[in-house]
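The opening residue of the sequence shown carries number 57 in our numbering; numbering runs sequentially from there. Where is the CB? At the ideal position from N, CA and C, for every residue including glycine. Input: a single structure, listed below in C-alpha cells.
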Amino acid sequence: MKKRQIMVLTVLAVATSLPVFSGEYSEQSLRTLFTSPQQRQEIDSNRTAGTKAEGQTIVGPSSVQINGIVKRSDGKNVVWVNGKSTIDGESIDGIKVYSGNINSKNKIPVMVDGKRVYLKPGESWSAETGVSSVGD
C-alpha cells in the first residue's frame, strides 16, 4: 500500500511542476503556439474585418471577384471573395455572401451596396459598370 501512495505522490509532484498545471502558460502564448505574434495579429485582424462597431457603417468595395468555392457535404460551403474566405462568416468587407444558396450552375448570390448579384467562380462584378465579367 505504501508503494502505491509513494507512486501517486510522485506522479502528482511531477504533474504539478509542469508548466501547463502551474499556470505558466497564458492564453496568449497558447494562441501563438504555431504562429508568430505578427502572424496571429494578422489572422485576428482579418477575422474581425467586415464586422462593424456600433455607429459605424461599412462601405462595400467597388468590385467583387469570386475566387473559388468549396461545396461541403454538411451544407456549410466556403466561398473566396476578393481573396478572403467565408469560413468565419458570410460577410466580407461589406459584401454579404449567401454561400448556402449556391445553385446548380455554381452561381453564388452576393449582396453589394444593396444589389444582389449572381457570380460564378472566376467572375467579377464592378460597381462602375454594374455588369459581371469573366476574371483574368
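Under the DSSP assignment, ARG172 falls in the beta strand (DSSP E) whose first and last residues are 171 to 175. Under the 8 Å Cβ criterion, the region 171 to 178 does not count as touching the region 127 to 134, having fewer than three qualifying pairs. Membership of ILE158 in any beta strand (DSSP E) is not indicated, and neither H nor E is assigned to it by DSSP.
Comparing C-alpha distances from GLU184 to each of SER118, ILE148, TYR154, PRO165 shows the shortest one belongs to SER118. Remark: C-beta atoms of VAL137 and VAL126 do not approach each other more closely than 8 Å.
As computed with DSSP, LYS140 is found in a beta bridge with VAL137.
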